[in-house]
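Numbering (this note's numbering), first residue to last: 8 to 138.
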């Protein structure tokens, strides 16, 4: 899994699967709104035959998984940035990925981060008002 190669770099807690605590590659959203790595949540539901949300322990009746495309793009962008920063540099040992005390990600949190990222990239041309 590629996330293990990046596990020596500190990453945002929102990138970690609440089941495996590894950086997600294929994030999906459960019926409770929690985002998990697809392989891990499918194993949770269908191999271990658990009927609850791994983060909230709420009993589930709906086991549909919705791809979290926004988070996947944000993680991909972060990985690209990290690889560019490390390119040509001597790799020094870094602390392991921080394990969150409590893992809760809402769509509003992710949307807010996406807006922040988007707003930083928007260039507003100067205009000369009134003259």
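Think of the CB as a built atom: it goes at the ideal place given N, C-alpha and C, for glycine as much as any other residue.
Since the structure is predicted, the reported quantities are computational estimates derived from the model, not experimental observations.
How would you label residue 61, buried or exposed, when you count the other beta carbons within 10 angstroms and need 16 or more for buried? buried
Alpha helix (DSSP H) containing residue 44: first to last residue? Per DSSP, residue 44 belongs to no alpha helix (DSSP H); it is in the beta strand (DSSP E), 42 to 44.
Segment contact, 8 Å Cβ cut-off, at least three pairs: the segment 26 to 39 with the segment 61 to 75: yes
Quick check on residue 69: buried or exposed, where buried means 16 or more other Cβ atoms within 10 Å of its Cβ? exposed
In this structure, how does DSSP classify residue 32 when only helix, strand and coil are distinguished? coil
Could you compute how far the alpha carbon of residue 65 sits from the alpha carbon of residue 39? 8 Å
Could you check if residue 37 is buried or exposed, using at least 16 other CB atoms within 10 Å of its CB as the buried criterion? buried
On the criterion of 16 or more Cβ atoms from any shown chain inside 10 Å, does residue 87 qualify as buried, or is it exposed? exposed
For residue 51 and residue 45, I'd like the C-alpha separation in whole angstroms. 10 Å
Cross-strand partners of residue 66 (DSSP beta bridge): 59
DSSP state of residue 23 mapped onto helix, strand, coil: strand
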